[in-house]
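Notes follow the structure.
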Amino acid sequence: MAGHYEAVTAYPEGTSTVSRYAKTAASQGYDGLVVRTRGAEYDAAAIGDRYDVDIVAGIEVDAESPDSVSGSIGNFRGECTLLSVRGGTNAVNRYAVEQDRIDVLTGPMAGNGDFNHVLARAAETHGVRVEFDFGPVLRSSGGQRVQALRGLRKLRELVEQYDTPYVVSANATSHFGLRAPRELIALGEQIGFSAEQVETGLAEWGRLAARNRERTDESFIAPGVKRGKHEEDG
Amino acid sequence: MKHLPKHIRPRWRYLAVEIESTPDAEIDRGAFQRELWYAAGNLLGDPGSADADLTVYSFAFEDGTGETIIRVRRGETDPARAAVACVDAVDGEPVGLSVLGISGTVRACEERYLGRRTGGFDQRHVAFADADRPAFSRDDAVEVSMPTGFVSATELDFE
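Chains S and G, in that order, give the protein sequences.
Each residue of the first sequence is one higher than the one before, starting from 0 at the first, in numbering that gives the first Met the number 0.
Each residue of the second sequence is one higher than the one before, starting from 0 at the first, in numbering that gives the first Met the number 0.
Here it is in C-alpha cells:
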C-alpha cells in the first residue's frame, strides 16, 4: 500500500513554505505532500533529496461558479499532477463530481455545500475523490465544529453506501497544522471513522499522484496498454 | 490519605510530546494544561476527559520549541492522542504538536524520546518576497518576520 500523504496550503496562501511543510511532515512520518497552492514556489527535487518527502504539484481551484471552475480545469489540468476543486456550494459540488478531469473535490460540506446520493454516485462513476476535511475538527470549536462533524458524518455514510473514493486531510495552512498519521487515525476513531478508512484516505493522495504521473509519462499509451517486446511464438 | 495498595493503583502511560510554535511565543505549563483540558473536554466530553486524565507532568518550552510529558491512564492512549492533536493554539499562539512516543514510566519516556532539543535562534536578514527581512534561524528552519506575522521557511528557500 502507498504511504501516507497529506495535502497542504503553502505560502503565499498559507504561512509556511513547501520545504518547511516537508521538514515537519518528514519528522511526523509522512511519505509525501501534495501542494494545493498554485502560486507556491519550490524545488520539488531538492526538497525530496533533503527531507525524503515526495512533493506532488497540485492545484486547488477555488471558484464561485461551475463556469469559472470549467475554465480553470482547462487552464491548469496540464500544469499540475493533481487537480482539485474546492467545493462549498451545491453548484460547484455538482459540477465537480461529474468531471473526469478533476481528481479531488475538497471540502464539499464547507460553507453552504451539501452532498447527497446523486453526487456520491456521480463521484464514484467519474472517479472524483471527495475529501474528508479534518481541519475544522482540529482547529475550531463550538457550533462550527459541531456542523463540521455533522457534515463529516453525512459524507461518511454516503461514501460507505456508494463506495465513493475519498481522501483524508488535516487541511493545514501552516506547518503547525500538520498532525501525524497516527494522530489523525486516533482522531478519526473518536469521530466515527475506522482506522482503515483514515489510512486509506491518507494513502489515496499518493495513489492518485502515482496514477497521474504514470498517465502523463511519455511512454503511457492507454490504461493497461504497454509498449514492449512481442512474445516470441513458441 | 493513605496511598493505595499497589495492585489497585491506577496504571499510567506517559506521552512524550514535542511542541513547536513561533519564535516569540511564550507558553507556560498552566496555559498548556488548560488548553489540553479544553481540547479533551470538547472532543471526548467530560466522562472521556476524566477517563483519559491528561495531566501535564513535565513541561519545558523556550525559543519557540518545547517538550512535555503527559500522563494518561493506561488503555486511554488513543483518545488522549486524539485530544492532543486537537490542541491548535495556546494563548493565541499557534502550536504544532506531535506525539514522539509512549512509555510506561516517566524515566523511560525522558530517556527514550526527550532531550533532543537544540539551541536558540540566530538572528539575521534574508531576502524573501522581494525585500530584505529580519529572520530567526535554527538548524535549517528559518522564521521570516513579515508585516502580517511569521512565515516559516527553511534554508532551502534561500539557496
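Ideal placement from N, C-alpha and C gives every residue a C-beta, glycine not left out.
Under three-state DSSP, which class holds residue i?
i        : result
S/Ala43  : helix
G/Phe149 : strand
S/Glu203 : helix
S/Gln160 : helix
G/Val83  : helix
G/Thr64  : strand
S/Tyr50  : helix
G/Leu155 : helix
S/Arg85  : strand
G/Gly29  : helix
G/Tyr13  : strand
S/His229 : coil
S/Glu63  : coil
G/Ile18  : strand
S/Gly223 : coil
G/Tyr37  : helix
S/Leu154 : helix
S/Tyr10  : coil
S/Glu198 : helix
S/Phe235 : This structure cannot settle anything about residue 235 of chain S, because the visible part of chain S is limited to 0 through 233.
G/Ser144 : strand
S/Tyr4   : strand
S/Thr215 : helix
G/Gly177 : Absent from the structure is residue 177 of chain G, since the part of chain G shown begins at 0 and ends at 158.
S/Gly77  : coil
G/Gly44  : helix
S/Ala209 : helix
Does any C-beta atom of chain G lie closer than 9 Å to the C-beta of residue i?
i        : result
S/Ser173 : yes
S/Asp53  : no
S/Thr14  : yes
S/Gln189 : yes
S/Ser193 : no
S/Gly176 : yes
S/Thr163 : no
S/Arg155 : no
S/Leu137 : yes
S/Gln27  : yes
S/Pro65  : no
S/Ser140 : yes
S/Asp132 : no
S/Ser168 : no
S/Phe219 : no
Out of the options, which one is the CA nearest neighbour of residue i?
i        : options                                   : result
S/Ala21  : S/Leu82, S/Arg178 and S/Leu148            : S/Arg178
S/Leu32  : S/Ala39, S/Gly38, S/Val7 and S/Glu40      : S/Val7
S/Thr88  : S/Gly112, S/Phe131 and S/Arg37            : S/Gly112
S/Tyr4   : S/Thr16, S/Ala24 and S/Ser15              : S/Ala24
S/Asn92  : S/Met108, S/Gly77 and S/Val166            : S/Met108
S/Gly205 : S/Ala9, S/Thr16, S/Gly57 and S/Glu40      : S/Gly57
S/Ser69  : S/Val55, S/Ile54 and S/Arg85              : S/Arg85
G/Ala79  : S/Ser193, S/Leu207, S/Ile184 and S/Ser15  : S/Ile184
S/Glu198 : S/Asn211, S/Glu182 and S/Gly47            : S/Glu182
G/Ala59  : G/Phe31, G/Ser151 and G/Phe120            : G/Phe31
S/Glu78  : S/Gln189, S/Thr36 and S/Val166            : S/Thr36
S/Gly2   : S/Gly187, S/Gly134, S/Ala202 and S/Thr215 : S/Ala202
S/Val55  : S/Ala43, S/Arg49 and S/Asp48              : S/Ala43
G/Phe120 : G/Asp27, G/Met0 and G/Gly63               : G/Gly63
G/Val98  : G/Arg28, G/Asp50, G/Arg111 and G/Gly91    : G/Arg111
G/Cys85  : G/Leu43, G/Gly148 and G/Leu14             : G/Leu43
G/Ser136 : G/Ala82, G/Thr21, G/Pro4 and G/Gly40      : G/Thr21
Looking at the secondary structure, which residues open and close the alpha helix (DSSP H) in which residue i lies?
i        : result
S/Ala21  : Val17 to Gln27
S/Gln98  : First-last for S/Gln98: undefined, no H or E at that position.
S/Leu183 : Pro180 to Gln189
Is any beta-carbon of chain S found at less than 9 Å from that of residue i?
i        : result
G/Pro146 : no
G/Cys163 : Since the displayed chain G opens at 0 and closes at 158, residue 163 of chain G lies outside it and no answer follows.
G/Glu34  : no
G/Ala84  : yes
G/Asp27  : no
G/Arg137 : no
G/Arg73  : no
G/Arg80  : yes
G/Asp90  : no
G/Ser102 : no
Give the range of the beta strand (DSSP E) segment to which residue i is assigned.
i        : result
G/Ala134 : Ala130 to Arg137
G/Ala126 : Asp121 to Phe127
S/Ala171 : That residue, S/Ala171, is in no beta strand (DSSP E); it is neither H nor E in DSSP.
S/Thr36  : Careful: S/Thr36 lies outside any beta strand (DSSP E) and carries neither H nor E.
S/Leu104 : Val103 to Thr105
Would you say the beta carbon of residue i is closer than 8 Å to some non-hydrogen atom of the ligand GTP?
i        : result
S/Phe131 : The ligand content of the structure shown is nil, which means the ligand GTP is not present either.
Query raised in the report: Where are the beta strand (DSSP E) runs, 3 residues long or more, that stay fully inside the region 115-152 of chain S, in chain order?
Result: Counting only runs of 3+ residues, the beta strand (DSSP E) found wholly inside the region 115-152 of chain S occupies 128-132, in chain order.
**Report entry** 3-residue-minimum beta strand (DSSP E) runs that sit fully inside the region 70-114 of chain G, ordered along the chain
**Finding:** Fully enclosed beta strand (DSSP E) runs of 3 or longer: 95-102.
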